[in-house]
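Protein chains in written order, with my numbering: chain A, 1 to 79; chain B, 101 to 179.
There are 2 protein chains.
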Amino acid sequence: MKAIVNVFLKEGVLDPQGKAVHHALTSLGFNDVKDVRVGKQIILELTATDKSKAEAEVREMCETLLANTVIEDYTIEIA
Amino acid sequence: MKAIVNVFLKEGVLDPQGKAVHHALTSLGFNDVKDVRVGKQIILELTATDKSKAEAEVREMCETLLANTVIEDYTIEIA
Numbered sequence: 001m002k003a004i005v006n007v008f009l010k011e012g013v014l015d016p017q018g019k020a021v022h023h024a025l026t027s028l029g030f031n032d033v034k035d036v037r038v039g040k041q042i043i044l045e046l047t048a049t050d051k052s053k054a055e056a057e058v059r060e061m062c063e064t065l066l067a068n069t070v071i072e073d074y075t076i077e078i079a
Numbered sequence: 101m102k103a104i105v106n107v108f109l110k111e112g113v114l115d116p117q118g119k120a121v122h123h124a125l126t127s128l129g130f131n132d133v134k135d136v137r138v139g140k141q142i143i144l145e146l147t148a149t150d151k152s153k154a155e156a157e158v159r160e161m162c163e164t165l166l167a168n169t170v171i172e173d174y175t176i177e178i179a
């Protein structure tokens with residue numbers, strides 16, 4: 001079973017990496033970009049076969065390791 | 101218009117960040133993780149209103165800046 005976790009900075013938290021990418025895109029002539037945010041995508045290959053059990057476990061992984069929940073939000077997708 | 105770009109290492113390319121996360125998860129007792137891959141998710145806010153034009157532009161951004169196409173693949177999602 002495959003789990004896709006997207007980790008991204010919360011609204012209002014400054015994103016310097018996104019700002020840098022935005023600046024670089026503008027320098028290259030891509031002028032119709034209004035905003036850029038950069039996050040992480042973590043793809044986990046699990047041995048679990050039960051979808052809801054897998055989701056609960058991945059949620060625990062996010063809370064303990066994958067995301068810094070003070071400044072980051074995350075979404076979990078089980079495929 | 102919003103574009104979501106996922107950039108991830110090609111199959112077969114070593115992913116040390118993923119390996120480190122996998123190791124950390126195992127140390128924390130998450131033993132049913134088989135593999136971890138870590139990629140980037142870039143969310144672009146565009147002023148363009150035409151979907152196919154926006155996608156073509158984002159593809160060009162990926163080819164020139166957002167992805168290193170020698171070792172990385174990417175997907176584009178226009179929302």
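Don't be surprised by glycine CBs; every beta carbon is placed ideally from N, CA and C.
These numbers were taken from a predicted model, which means no experiment stands behind them.
{"Query": "Supposed contact pair B:V138 and B:V121 - C-beta distance, whole angstroms, cut 8 Å", "Result": "6 Å"}
{"Query": "CA-to-CA distance, B:C162 to A:E11, given in whole angstroms", "Result": "24 Å"}
{"Query": "A:L14 in three-state terms, based on DSSP", "Result": "coil"}
{"Query": "Terminal residues of the beta strand (DSSP E) in which A:A3 lies", "Result": "K2 to L9"}
{"Query": "Sequence ranges, alpha helix (DSSP H) only - wholly within the stretch 16 to 56 of chain A, length at least 4", "Result": "16 to 27"}
{"Query": "Pair within 9 Å by beta-carbon distance, A:I42 and A:V13", "Result": "no"}
{"Query": "Outcome for B:D115 when other beta-carbon atoms lying within 10 angstroms are tallied against a minimum of 16", "Result": "buried"}
{"Query": "Delimiting residues of the beta strand (DSSP E) encompassing B:T175", "Result": "E172 to I178"}
{"Query": "Supposed contact pair B:E155 and B:K102 - C-beta distance, whole angstroms, cut 8 Å", "Result": "That belief does not hold up - the Cβ atoms of B:K102 and B:E155 are roughly 12 Å apart, past 8 Å."}
{"Query": "Contact list for B:R137 against chain A, beta-carbon separation under 7 Å", "Result": "I43"}
{"Query": "For B:L128, the nearest candidate out of A:Y74, A:L66 and A:E72 (CA to CA)", "Result": "A:L66"}
{"Query": "Short Cβ contact (9 Å threshold) for B:D132 with A:A48", "Result": "yes"}
{"Query": "Supposed close pair B:E157, A:F30 - CB separation, criterion 8 Å", "Result": "7 Å"}
{"Query": "B:K140 classed as buried or exposed, judged by whether at least 16 other C-beta atoms fall within 10 angstroms", "Result": "buried"}
{"Query": "Same chain, Cβ closer than 8 Å to B:K151, neighbours up to 5 away in sequence not counted", "Result": "M101 and I178"}
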